[in-house]
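Novice: For the protein sequence lines, the chains are A and B, in the order given.
Numbered per the numbering used here, the first sequence spans residues 812 to 1047.
Numbered per the numbering used here, the second sequence spans residues 812 to 1047.
Let me begin by handing over the structure; questions about it come next.
There are 2 protein chains.
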Amino acid sequence: MATLYLIPVPLGPVSPDACLPPDTLAVARRLDHFVVERAKTARVHLKAMGHPQPMQALKFEELNEHTPATAIPQLLAPLKAGHDVGLLSEAGCPAVADPGAALVLAAHRENIPVVPLIGPSSILLALMASGLGGQRFAFHGYLPAREPERSQAIRELERTARREQATQLFIETPYRSAALLDALAGVLSPETYVSVGADLSLPGQLIRTRSARSWRGQAETIKDRLVVFGIGSQAP
Amino acid sequence: MATLYLIPVPLGPVSPDACLPPDTLAVARRLDHFVVERAKTARVHLKAMGHPQPMQALKFEELNEHTPATAIPQLLAPLKAGHDVGLLSEAGCPAVADPGAALVLAAHRENIPVVPLIGPSSILLALMASGLGGQRFAFHGYLPAREPERSQAIRELERTARREQATQLFIETPYRSAALLDALAGVLSPETYVSVGADLSLPGQLIRTRSARSWRGQAETIKDRLVVFGIGSQAP
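In structure tokens:
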């Protein structure tokens, strides 16, 4: 039966040959039907991954924030016709913090086999590198951009981190990263740990876990960088 | 400055050459100091990864559930002496749901650089493959083994999944997997989604997301298998 493969791609401009396992590359190279967040980026990824066919010979369907829910079922048509399909997101692992999950769930509803492949995830790399412990953890996506909602959300995450002994992860768009780190340094208890994972797996990667107090005045370090943040209340 | 590398290993008896990226293998092969969950398994992993040195020439320190917190700082000694160190867990990514996180945090406290490498994580593969959406998610480790605590925990996870629109992930030891799936099928609302990821990235991998109702009487499917479970309240 045709299978929906979930194909991770690099987290930025680095060679897929170095950061993806051979099994992942082998599947990506043999498929000719893809559902992707954006066709243009997907072509760049597949070319870099050494796909043997010319890009115009491959079939791309887009699934992104503009795709209505009603359009999802027809994306399964190639699978029902017997073609394996690869799902790619813009960066990292598909169906994690991107619209691809809807296609995966639709495949399950139709009993279509789903196979996730191994590759980079900024959330997982940030969690590993934080030292804050992964016995329990949660990922929250984006925090509110405005005050006082942002500070309220930060305090709530700190309470959850303490109560459940669980690392709380979240992301921010590059142009707001420094402002969020300033807010964390100011709002959290001075001894609460804040981990920063910037440009993970890329050149210039910055990884640091410090107390909220130690981050005060340090926000410039991550200005305009893609960051996964973590909050932890104590040693794991 | 010497660096603490976090080195993922395969999730079971498959070739590291197929499931680990070349960059991860290259780092593992050039190190000679390791902190590992169990030395015996680590030697098997490193040999399979093609480490060029005889295993008895490598230095292994153990860090596991028996290691007292007071013993952690001395594990940093090779790093302070200028040797890069690799951290390995029994399977998958180190410092996620294993005791290695304490060493990573100790390294941060001493300003020792930490570099996480790319590789397989059963939690992340389960999340991708579930189709339950990763915009928000949480991992809870093990649920209570006994009733009524287990059913209470299941109901609480369902409430959280609904309230926060967040996938709730958890694991169980193989010999209790079938009993937990029975409990999920019986305790959850019939329409709540339950995802099962068994033996992920290994031969015989089983991946399925169904309504709680559809899982009734199906627990034998995962008897004695290593499973990551997920609960989701609706389409992402």
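Here a beta-carbon is modelled for each residue, glycine too, at the ideal position from N, C-alpha and C.
(1) Any idea what DSSP makes of B/I1018, helix, strand or coil?
(2) Is it the case that the region 854-866 of chain A contacts the region 920-934 of chain A, given that we only count it when at least three CB pairs across the two stretches are under 8 angstroms?
(3) By the three-class DSSP mapping on this structure, what secondary structure does B/Q867 have?
(4) Output needed for B/V846: all residues of its chain with C-beta closer than 7 angstroms, excluding positions within five of it in sequence on either side, in chain order.
(5) State the beta-bridge partners of B/L980 as determined by DSSP.
(6) Go through its chain and collect everything with a Cβ distance to B/T852's Cβ below 7 angstroms, but skip five positions before and after it.
(7) Consult DSSP for B/A813 and reduce its assignment to one of helix, strand or coil.
(8) Considering only residues of the same chain and omitting the five flanking positions on each side of B/Q1026, which have a CB-CB separation below 7 angstroms?
(9) List, in chain order, every chain A residue whose beta-carbon is nearer than 7 angstroms to that of B/P927.
(10) What whole-angstrom Cβ distance do A/A977 and A/R947 have, given they're in contact under 8 angstroms?
(11) Within 8 angstroms (strictly less), CB to CB, does B/P1047 reach chain A?
(12) Determine the burial state of A/R974: buried for a count of at least 16 other Cβ atoms within 10 Å of its Cβ, exposed for fewer.
(13) Between the region 1001-1024 of chain B and chain A, which residues of the former have a C-beta closer than 9 angstroms to a C-beta of the latter?
(14) For the region 940-955 of chain B, enumerate the residues whose C-beta is nearer than 8 angstroms to any C-beta of chain A, in chain order.
(15) Within 8 angstroms (strictly less), CB to CB, does B/S932 reach chain A?
(16) Counting pairs of Cβ atoms below 8 angstroms between the region 949-961 of chain A and the region 1014-1031 of chain A, do you hit three or more?
(17) Can you name the residues of chain A whose CB is closer than 7 angstroms to the CB of B/A906?
(18) Could you spell out where the alpha helix (DSSP H) holding A/L898 opens and where it closes?
(19) With DSSP run on the structure shown, which of helix, strand or coil describes B/G903?
(20) So is B/V915 in contact with chain A if we call contact Cβ pairs under 8 angstroms?
(21) Pull up the distance between the alpha-carbon of B/I934 and that of B/F950, whole angstroms please.
(22) Check distances from the C-beta atoms of the region 821-842 of chain A to those of chain B and list, in chain order, the residues that come in under 8 angstroms.
(23) With 16 as the cutoff for other CB atoms within 10 Å, does A/H919 come out buried or exposed?
(24) Please confirm whether B/L1037 has its beta-carbon closer than 8 angstroms to some beta-carbon of chain A.
(25) Would you say B/H844 faces chain A, with C-beta separation under 8 angstroms as the test?
Specialist: So, from the listed chains and residues:
(1) Here residue 1018 of chain B refers to the residue found at position 207 when the second sequence is read from its first residue. Three-state DSSP puts B/I1018 in a strand.
(2) no
(3) Numbered from its first residue, the second sequence carries residue 867 of chain B at position 56. Helix at B/Q867.
(4) On the second sequence, position 35 is the one that residue 846 of chain B refers to. Here the set comprises E872, L874, L886, V896, L898, L914.
(5) Residue 980 of chain B sits at position 169 when you count from the first residue of the second sequence. DSSP lists B/F950, B/G1041 as partners of B/L980.
(6) For the purposes of this step, residue 852 of chain B is identified with residue 41 of the second sequence, where counting begins at 1. Only E901 meet the Cβ criterion.
(7) Numbered from its first residue, the second sequence carries residue 813 of chain B at position 2. In the structure shown, B/A813 sits in coil (DSSP, three-state: anything other than H, G, I, E or B).
(8) Here residue 1026 of chain B refers to the residue found at position 215 of the second sequence. Sequence inspection shows Trp at residue 1026 of chain B; the Gln mentioned does not correspond to that position. So the list reads L992, L995, A996, V1005, once near-sequence residues are dropped.
(9) Position 116 of the second sequence, counted from the start, is the residue given in the question as residue 927 of chain B. L936, M939, A940, listed in chain order.
(10) Working through the first sequence from its first residue, we reach residue 977 of chain A at position 166. Working through the first sequence from its first residue, we reach residue 947 of chain A at position 136. Contact flag correct, Cβ pair sits at about 4 angstroms.
(11) Within the second sequence, the letter at position 236 stands for residue 1047 of chain B. Because the pLDDT of B/P1047 is 41, which lies under 50, any placement of that residue in the model is unreliable, and the question is left without a value.
(12) Stepping through the first sequence from its first residue, residue 974 of chain A is reached at position 163. Exposed, by the Cβ-count rule.
(13) Y1004, S1006, G1008, L1011, S1012, Q1016, I1018, R1019, T1020, R1021
(14) A940, S941, G942, L943, G944, G945, Q946, R947, F948, A949, F950, H951, G952
(15) For the purposes of this step, residue 932 of chain B is taken as the residue at position 121 of the second sequence. Chain A, which has a Cβ nearer than 8 angstroms to the Cβ of B/S932, makes this yes.
(16) no
(17) As a working mapping, residue 906 of chain B is identified with position 95 in the second sequence. Going along chain A in sequence order, the residues near B/A906 (Cβ under 7 angstroms) are M939, G942, G945.
(18) Taking the first residue of the first sequence as 1, we reach residue 898 of chain A at position 87. Unbroken run through A/L898 is the beta strand (DSSP E), 896-899; no alpha helix (DSSP H).
(19) Here residue 903 of chain B refers to the residue found at position 92 when the second sequence is read from its first residue. It is a strand residue.
(20) By one-based count along the second sequence, residue 915 of chain B stands at place 104. It does: the Cβ of B/V915 has a partner Cβ on chain A nearer than 8 angstroms.
(21) Against the second sequence, residue 934 of chain B aligns to sequence position 123. Against the second sequence, residue 950 of chain B aligns to sequence position 139. Those two C-alpha atoms are separated by around 8 angstroms.
(22) D828, A829, C830, L831, P832, P833, D834
(23) Mapped onto the first sequence, residue 919 of chain A falls at position 108. Label assigned to A/H919: buried.
(24) Taking the first residue of the second sequence as position 1, residue 1037 of chain B is located at position 226. Taking Cβ atoms only, chain A never reaches closer than 8 angstroms to B/L1037, which makes this a no.
(25) The residue labelled residue 844 of chain B in the question sits at position 33 within the second sequence. Closer than 8 angstroms: no.
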